[in-house]
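See below for the structure under consideration.
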Amino acid sequence: MDKVNLIEWIKNNFIHLSTNSREDSFEDLKDLPDIIGNARVIALGENSHFIKEFCELRHRIIRFLIEKCDFKIHAMEFGFSEGMEVNQWIQDHGSEERRIEDLLNHFPYPFQIRETLKWIRNYNKTSKSSVNFVGIDIPRNGGSLLPTLEILNEFFLSADPEASIFISDIYRIAKNIDGYSTAQSAFFLNQISEEDKHLLTAQINRLVYRLEALAPQHISRYGESKFKTILHLLKSIGYLDYNSHAMNRLISGKGLSGDMGVRDKFMADSVLWHLKENNSKIILVAHNAHIQKLPIQYGDFLSCLPMGQRLANELGDDYIAFGLTSIEGHTAALYPDENYNFGFRIENTKLTKPIEESIEKILDDNQLQNGILSFRDIPRGSNDPKRIRFDSEYIETSVFDAFDGMIQIPISSVSNEIIN
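Letter 224 of the sequence shown, counting from 1, is numbered 223 in numbering that gives the first Met the number 0, and no numbers are missing.
Here is the structure:
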């Protein structure tokens, strides 16, 4: 397929958006149901975290999918255990004692994300069927075992007090590596002994094996759903432990190929877990790098087999991934730095014009700056885009294979919470 015919097809199939705000109008989204069909998981990405316009546009699409397409779960790149607490707040219509701001104060989440969660809570007050919020990630963005460990400790105190010989060691070490991100927990590993590093891993594994060994007893007493929840929570701290070591190796220049995919493995398992437990369609919000369906490569180095690849393999056409990207403006560039609050430095970085062979340039060159493009049935050839924005840089990938569609906006900006 030559470039002229590709551009003509794109122009004829590009869905122009009338607004990127949180307005109530859905007229420009009326073709979206035909694109997503009967898919059970719709992923909405972002080429960088902390971008105000991505959050605002997603808010309107999330509303549309809930109100018009019967989606009942809003999943996010957010701790599995912490998500349970947020969902409790969303379903608790009568109490104003807790604020969503208090539940999200461990990370600089944009204001617009909080507003989406508040909208879901208010929607549930009058809707005949509730929408649930769920987390899919390891605890506290990979930074701390404690949010999950507190839930596990409460369970084992009642269900299996003898397991305290494992819990006590895990607690003691976890308190010394208590942070807010994967990067921060990776730096904290340098401050504990090799003996404690190995002991933490060993005791987590022993606790997993013991829980599984006593499964019939726990299921009889607490039910299968409760047991599966506890097992998934327990596995999350094991994945976090490995993920911290993987990031530590990467920062030190000794990263192993594919190692950063362990977190994506857990996130994919979490999405499938929620899909099975709730039997409802899911709106999934995460970084483009997590939702894409092809491996993340930097040259010859395999960084990650992402969540999206695993979900596509498992669900087939029931999984659809829309990347979100922008033409110009600013983005949040992230750099690991142990001297900053969250273990990384965030720089408000001006975007350069889209580069050759990028999906952004193909759309921008043809004045297609604000809208949705489905890649279904798109003609393929040598002019296919091979790059897409990733924070302040680009990654190389077969864009038409990595995503099912792209949502492009003209200008992006970093949220005020980050700038301030």
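For each residue, glycine too, the CB sits at the ideal point set by N, CA and C. Here the structure is a predicted model, which is why all the values come from computation and not from measurement.
Output the boundary residues of the alpha helix (DSSP H) element that contains residue i.
i    : result
R57  : K51 to C68
A401 : V398 to A401
Q216 : A214 to Y221
M266 : G260 to N277
P146 : L145 to A158
Q111 : F110 to T125
P32  : L31 to I35
L283 : It is not in any alpha helix (DSSP H) - L283 instead sits in the beta strand (DSSP E) that spans I281 to V284.
H105 : It is not in any alpha helix (DSSP H) - H105 carries neither H nor E in the DSSP assignment.
N287 : N287 to I290
At what residues does the beta strand (DSSP E) containing residue i begin and finish?
i    : result
L301 : F300 to C303
A42  : V40 to L43
R386 : R386 to F389
Y179 : Taken as a continuous stretch (DSSP letters only), Y179 belongs to no beta strand (DSSP E), as it is neither H nor E.
I371 : G370 to S373
E392 : E392 to E395
I295 : I295 to Y297
Considering only the beta carbon of each residue, do residue i and residue j sit closer than 8 Å?
i    : j    : result
R57  : V284 : yes
N86  : V133 : yes
G257 : N204 : no
F49  : P107 : yes
S302 : F265 : no
L367 : N12  : no
D263 : P305 : yes
L144 : D168 : no
G44  : F321 : yes
I387 : I358 : yes
Y208 : A158 : no
L274 : V40  : yes
G315 : I290 : no
N478 : K10  : Only positions 0 to 419 of the chain appear in the structure, and residue 478 is not among them; the question remains open.
V130 : K71  : yes
D27  : I14  : yes
S411 : S325 : yes
I164 : I176 : no
A74  : I295 : no
Judging by CA-CA distance, which residue of the options is the nearest neighbour of residue i?
i    : options                   : result
I61  : S80, H48, N46 and E22     : E22
I250 : K174, Y334, I394 and K292 : Y334
F399 : I361, I410, S391 and I418 : I361
L239 : S184, E193 and Q90        : S184
L148 : P215, I229 and W8         : I229
L232 : N277, G78 and G36         : G78
K127 : E66, L102 and S180        : E66
E194 : P146, I172 and Y179       : I172
S381 : S411, E356, A245 and Y339 : E356
N287 : I281, F53 and I417        : F53
G421 : K385, G328, H217 and R375 : Outside the displayed range of the chain (0 to 419) lies residue 421, so it cannot be described from this structure.
F341 : G178, W118 and A74        : G178
S180 : Y339, N312 and G254       : Y339
N242 : N175, A162, G315 and G142 : G142
K352 : D363, R344, F343 and E346 : D363
L31  : F110, G370, Q308 and E313 : G370
N189 : G82, E337 and D27         : E337
N152 : S129, L210, I6 and R98    : L210
F63  : A332, W118 and P409       : W118
I354 : T348, A331, E395 and L323 : E395
L310 : E327, I326, W272 and H329 : W272
S463 : E327, F25 and L293        : For residue 463 there is no data in the structure shown, the boundaries of the chain being 0 and 419.
Q90  : Y122, R344 and E100       : Y122
State the DSSP-derived secondary structure class of residue i, mapped to helix, strand or coil.
i    : result
K349 : strand
P335 : strand
M306 : helix
F77  : strand
H197 : helix
S357 : strand
D136 : strand
P378 : coil
V413 : strand
E22  : coil
F13  : coil
R171 : helix
S325 : strand
N4   : helix
G257 : coil
Decide if residue i is buried, meaning its Cβ has at least 16 other Cβ atoms within 10 Å, or exposed.
i    : result
P160 : exposed
R59  : buried
S80  : buried
V270 : buried
D403 : buried
F186 : buried
N497 : The requested residue 497 does not occur in the structure, where the chain is confined to residues 0 to 419.
P215 : exposed
I112 : buried
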